Every structure is written in structure tokens, then in C-alpha cells.
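Per the working numbering, residue 4 is the first one in the sequence shown, and the count goes up by one each step.
All C-beta atoms, glycine included, are put in the ideal place defined by N, C-alpha and C.
Note that the coordinates shown come from a computational prediction; the quantities given were computed from them, not determined experimentally.
Only one structure is covered here, and it is reproduced in the block below.
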Amino acid sequence: MWIPATREEGRLGVVVHFHGAAWLPQQAVAGLAPPTVAAVVNLGAGSGVYDRTYSDPAAFDALLRGIADAVADVHPGAAIERVMVAGFSAGHGAIRAILREPRHFARVDDVLLLDGMHTSYIPERTVLALGGALDSTKLVALTRFAEAAARGEKGMLVTHSEIFPGTFASTTETADHVLRALGRRRTPVLKWGPRGMQQLSEVAAGNFLLLGFAGNTAPDHIDHLHAMPELLKRLPAGR
């Protein structure tokens, strides 16, 4: 956890990031207003361990309570004003679990998903081209949050690459699912993104933003995590 030095009384934001090196979220929140705490959670490989852990609403309650206690030790009297949850790759499992709980859905102000919105195929490992379908049950909470962001009630930014895992749904396929729910279509673009990434598509609706990028390799995937400082600033919490 990283707690900023601040002279502002009672106004702090927090970014809880799931899956990835701690220094990146720390770098990303530096200079934000209000001053923002960065807390990082790593639970291992695969989204399942994140989903199982945070399927119990008490887990996120305990996490926020621990953050608040740590902040109080450094800044007595300060309170957490805005909560963002961010996830890279497998870390999205925690976010979808957190948002399934209505209390937490209401408490979270912003979501940042970095090339990490996946689900299974039905039947398992049967891709869309072979007659499979997406298991949309894992996307319900994220889609509801996207709809709230499109109405301006929340903030949400989703990025995806062109990686096609084959055994489970790609971030492009899950993004398409959310866009259908929003009744939106991609705008093709060709421009530089952060850290030298090549952006190919974009969708903006209210406070919802989806950015599609080129690349189907592991380094392309990692680029999304490294771009967190730039991407965070495009959410309401980072402006």
C-alpha cells in the first residue's frame, strides 16, 4: 500500500488494483486530486482465485477497512472519498465478484479493466466460430456497471488487445458482449496509444470508454498494465 503525503483534511481517494506489480499503481496515482492511496492485491494465477476470494462480500469489507485503518494512522481524521477498483488480466475476477454485491456496487465509483475481461465458452473450450457461446453469467455485474457508467453514474474504462486464448473467451469477445448491451458500435481509429501502443478502435458513452489495441503477444498484453498511469487519467477519478 502507498499512502500519499497530503495537507488536505478529510479528502482521499483510493485505487485498489488486482494483479500486477505494486509500483505501477503507485506511479499511476501520484499527482491525482484528491490525493489517492494505492493498494495492490496479488493472489496468484488465474481469475478463479480472485473470484472465489471476493465472492464473500466480507473480503472486500475487510480490505477497505484495512486501508482506512492504515490511512488513519498516517492522516488522522481523513476519510476515503472515492473508490476505484482496477484489474489487469486475471485480476478482473476480483472485480466481477465485488460488483455482484449490491453494497459494493454502490460503493465503487470507477472501474479500470486492463486487457482483463474474460469468461468461459459454453460448451467449455468451444469457440464462437464452432458454435459455442459466451458464459454471460460472469459478465452480468460488469455489464451493469458499464450501463451505469454510460448513464454518467459511474466511471469505467476497458481496454483489450487482439489476443485469442482459444480455451476461454477473449477480451475482444467480452467487450463486444458489453457493447451489444449498451447498443453501441466501435469507431475504427488508427492512432498512437500510451507507451507506443497502437489503438484500433474506440467507444465512448457518458463515462464509459472502451479502447481496442493491436497486438496478440505476451508483451502486447503487458503493455496494458504499463499504460495504467496514462489510462487512469482518462477516468473521472483521474481528471
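1) Between the region 199-218 and the region 138-156, do at least 3 Cβ pairs fall closer than 8 Å?
2) Nearest by alpha-carbon distance to Lys194: which of Ala217, Asp179, Arg188 is it?
3) Starting from Met200, trace the beta strand (DSSP E) both ways and give me its first and last residue.
4) Between the Cα of Ala81 and those of Phe91, Pro37, Met87, Ser92, spot the shortest distance and give me the residue it belongs to.
5) Return the CA-CA distance between Glu233 and Phe91, expressed in angstroms with no decimal places.
6) Rounding to the nearest angstrom, what Cα-Cα distance links Val40 and Pro60 in this structure?
7) If I'm right that Pro239 touches Gly158 with Cβ under 8 Å, what's the distance once you round it to whole angstroms?
8) Once the 5 residues before and after Gly135 are set aside, which same chain residues still bring their CB inside 6 Å of it?
9) In angstroms, rounded to a whole number, what distance separates the CA positions of Gly169 and Val44?
10) According to DSSP, simplified to helix, strand and coil, what is Ile125?
11) Taking Cβ to Cβ, would you say Tyr57 is nearer than 7 Å to Ile6?
12) Just how far apart, CA to CA, sit Pro79 and His22?
13) Short of 6 Å in beta carbon distance, which residues of its chain neighbour Gly96, apart from the five on each side in sequence? Order them along the chain.
14) Can you name the start and end residues of the alpha helix (DSSP H) that Ile83 belongs to?
15) Could you pull out every residue in the same chain whose Cβ sits closer than 6 Å to the Cβ of Asp138, ignoring the five residues on either side in sequence?
16) Can you look up Ala41 in the DSSP assignment and give me helix, strand or coil?
17) Just to confirm, is the Cβ distance from Asp227 to Thr140 under 7 Å?
18) If you draw a straight line from the alpha carbon of Ile166 to that of Ile83, how long is it in whole angstroms?
19) For Gly199, which of Ala62, Asp223, Arg103, Ile98 has the nearest alpha-carbon?
20) Restricting to Cα atoms, I'd like to know which of Arg187, Val88, Trp26 is closest to Asp113.
This is what the structure gives:
1) yes
2) Ala217
3) Run containing Met200: none; DSSP gives neither H nor E here.
4) Pro37
5) 14 Å
6) 21 Å
7) 4 Å
8) Tyr124, Thr129
9) 27 Å
10) strand
11) no
12) 29 Å
13) Ser50, Tyr53, Asp54
14) Segment 83-91 is the beta strand (DSSP E) holding Ile83; no alpha helix (DSSP H) there.
15) Thr122, Ser123, Ile125
16) strand
17) Inspection of the sequence shows that residue 227 is occupied by His rather than by Asp. At a Cβ-Cβ threshold of 7 Å, His227 and Thr140 do not count as neighbours.
18) Their backbone Cα atoms lie some 36 Å apart in a straight line.
19) For Gly199, the closest C-alpha among the options Ala62, Asp223, Arg103, Ile98 is that of Asp223.
20) Closest by alpha carbon: Val88.
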